[in-house]
Amino acid sequence: NAGVMQNPRHLVRRRGQEARLRCSPMKGHSHVYWYRQLPEEGLKFMVYLQKENIIDESGMPKERFSAEFPKEGPSILRIQQVVRGDSAAYFCASSAFVSSGGNTGELFFGEGSRLTVL
Amino acid sequence: DAKTTQPNSMESNEEEPVHLPCNHSTISGTDYIHWYRQLPSQGPEYVIHGLTSNVNNRMASLAIAEDRKSSTLILHRATLRDAAVYYCILRSRGNEKLTFGTGTRLTIIP
């Protein structure tokens, strides 16, 4: 059972270009989360999605950033018109459906996509 | 989410037990205590979680204070591979996301 797959692992973009980061959750997982980690800092929550729905985007910058998790295919984090401050590691995690009676859903993280903006 | 407080860093000798503390004085009755760790250049990985009772798994043990205002992650015999940043996180029932703090950077001395 493959883990959470993220690609590309490393991405270099010039200022003003677009970056697309992909995340394939673990088999059977319908919940996807995106986190950003700036150099030497902790992980910051960005967005939580279920299939075809954005559930919580409270950590997502209002401009230039968008995320989707279509019915078929991986989740995509899209950053338009990148700036140097977007350089970071972007981690995706997935979890299985958690019943309303408890909260034991472990999050499984990918290896991350490291974006460098020149 | 309620806040947790952890020491910024700790050191331990290889093959010795390690006790990583976490304070969460504002924990609510529905908050689960989760621990994750992040090895260098990797994504976080789940370690253990609990609600009220102490918990054991193949990776670690979690000791939860009777008043639940603090907890301790116990690595029974540290190896070099356990060098990582350890995050103590409170996750309330029905809240799917994890909110990471700054964690404790654990250094293992050979």
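Going line by line, the protein sequences match chains A and B. Residues in the first sequence are numbered consecutively from 76, following our numbering. Residues in the second sequence are numbered consecutively from 33, following our numbering. Positions of the beta carbon are idealized from the N, C-alpha and C atoms, including for glycine. Because the structure is a prediction, the values reported are computed rather than measured.
Check	Outcome
Residues that DSSP places opposite Thr191 of chain A in a beta bridge	A:Val87
Coarse secondary structure for Leu71 of chain B, derived from DSSP in three states	coil
Beta-carbon proximity of Leu86 of chain A to Gln70 of chain B, cut-off 9 Å	no
Residue nearest to Leu193 of chain A in terms of C-alpha spacing, selected from A:Arg159, A:Gln155 and A:Phe166	A:Arg159
9 Å Cβ cutoff, Leu118 of chain A in contact with chain B	yes
Check: Tyr64 of chain B C-beta below 8 Å from any heavy atom of the ligand NAP	Only the bare structure without any ligand can be found here, which leaves the ligand NAP out of the picture.
Residue(s) in a DSSP beta bridge with Met42 of chain B	B:Leu138
Closer than 9 Å to chain B by CB, Ser175 of chain A	Residue placement at Ser175 of chain A is poorly supported in this model, since its pLDDT is 48, which falls under 50; the coordinates still yield a value, given next. Yes, because at least one Cβ of chain B sits closer than 9 Å to the Cβ of Ser175 of chain A.
7 Å CB neighbourhood of Thr84 of chain B in its chain, flanking five on each side removed	Ile96 and Arg100
Per DSSP, the bridge partner or partners of Pro53 of chain B	B:Thr104
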